[in-house]
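So the sequences go chain by chain: L and B.
Quick note on this note's numbering: the first sequence kicks off at 1238 and runs consecutively.
Quick note on this note's numbering: the second sequence kicks off at 1238 and runs consecutively.
Here a beta-carbon is modelled for each residue, glycine too, at the ideal position from N, C-alpha and C.
A short write-up of the structure that comes next.
2 protein chains.
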Amino acid sequence: VQQRLDLLTLGVRDLQASRRFYVEGLGWEPTLDLPEIVFIQVNHGLLLGLFPAKELEADVGERPEVSDAAARFTLAHNVGSQSEVDEALERVEPSGGSIVKPAQPAAFGGYHAYVADPDGFRWEIAYNPGWRVSPDGRVSIVPVQPRS
Amino acid sequence: VQQRLDLLTLGVRDLQASRRFYVEGLGWEPTLDLPEIVFIQVNHGLLLGLFPAKELEADVGERPEVSDAAARFTLAHNVGSQSEVDEALERVEPSGGSIVKPAQPAAFGGYHAYVADPDGFRWEIAYNPGWRVSPDGRVSIVPVQPRS
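In structure tokens:
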């Protein structure tokens, strides 16, 4: 498992208020500014996602065994293929983590799973064929046809 | 305010369990592995910090107006000087955020403040004179004499 964070997603109550703070207030330029989600580049190959909390919860799925506290945001680690998602998952439980959402096709058109670290912090392990990082570190997200 | 995340710190219940998960389990190599804190490089110029939750709370200071949920981790944005910390703070309240800990000398030897975004997510705005990023993105932290 490469040691790399690709995406940090905050589950927000009011996306307009968050946009006002980060985009209008701090002056940060979005990579993608949609009515349902905002992505902002915050380092080389790294995006900050602003996503309504209810939708983030729905994407992660049920996790009755942990408090809500650690589920208010997710960290994402991208890998290069579907089988690498499966391989990464094999390391989780022996290391003291747990699998929150088993590996499956993802709404964004790739393949993903959610795991919890020992504190319940959520990591998405994702194969996202539309994720591109240019040599200067700029991320772009190319639409991918979701699989039926 | 440059759009850049430099450090993501998770407040953990048991640092040994977290070390077991990230360092021994996932095989991630620490940049700094101390009994009281672990830093792991997770992208160009980006560290993941594992820090006992109680000490992270103490560093952030009191925040009675928000739930614990958003305070379980902090994001950090480094700036180049003490006056840039002060300048960044001026943008926060007009944008719908709030100041959690006013700008002040920091335990690490620099100068910092904590602010909350509209959901209460904590950002540390820091001038850390010991923070170095090499051209290939590797972060090192040089000890700085705390000011008395």
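{"Check": "Where the beta strand (DSSP E) through D1356 of chain L begins and ends", "Outcome": "Premise fails: D1356 of chain L is in no beta strand (DSSP E) and is neither H nor E."}
{"Check": "Separation of L1242 of chain B from A1325 of chain L, as counted between CA atoms", "Outcome": "25 Å"}
{"Check": "Beta bridge counterpart(s) of I1362 of chain B as assigned by DSSP", "Outcome": "B:H1314, B:A1350"}
{"Check": "Buried or exposed by the 16-neighbour rule on C-beta atoms within 10 Å, applied to V1322 of chain B", "Outcome": "buried"}
{"Check": "Proximity of L1318 of chain L and Y1259 of chain L at Cβ, strictly below 7 Å", "Outcome": "The sequence given here has Ser at residue 1318 of chain L, not Leu. Not in contact: S1318 of chain L and Y1259 of chain L (Cβ atoms no closer than 7 Å)."}
{"Check": "Inter-stretch contact at 8 Å, needing at least 3 Cβ pairs: the stretch 1331 to 1350 of chain B / the stretch 1272 to 1292 of chain B", "Outcome": "no"}
{"Check": "Nonlocal neighbours in the same chain, by C-beta distance under 7 Å from P1239 of chain L, ignoring five residues either side", "Outcome": "According to the sequence provided, residue 1239 of chain L is Gln. The question's Pro does not apply to it. So the list is empty, once near-sequence residues are dropped."}
{"Check": "Sub-7 Å separation of L1340 of chain L and L1244 of chain L beta-carbons", "Outcome": "Here the sequence assigns Ala to residue 1340 of chain L, which means Leu is not the residue at that position. Their beta carbons are not under 7 Å apart, which means A1340 of chain L does not touch L1244 of chain L by this criterion."}
{"Check": "Within-7 Å CB hit, S1335 of chain B to chain L", "Outcome": "no"}
{"Check": "Within-7 Å CB hit, V1249 of chain L to chain B", "Outcome": "yes"}
{"Check": "P1342 of chain L - DSSP class collapsed to helix/strand/coil", "Outcome": "strand"}
{"Check": "Closer than 7 Å at the beta carbon, the chain L residues around I1277 of chain B", "Outcome": "Q1240"}
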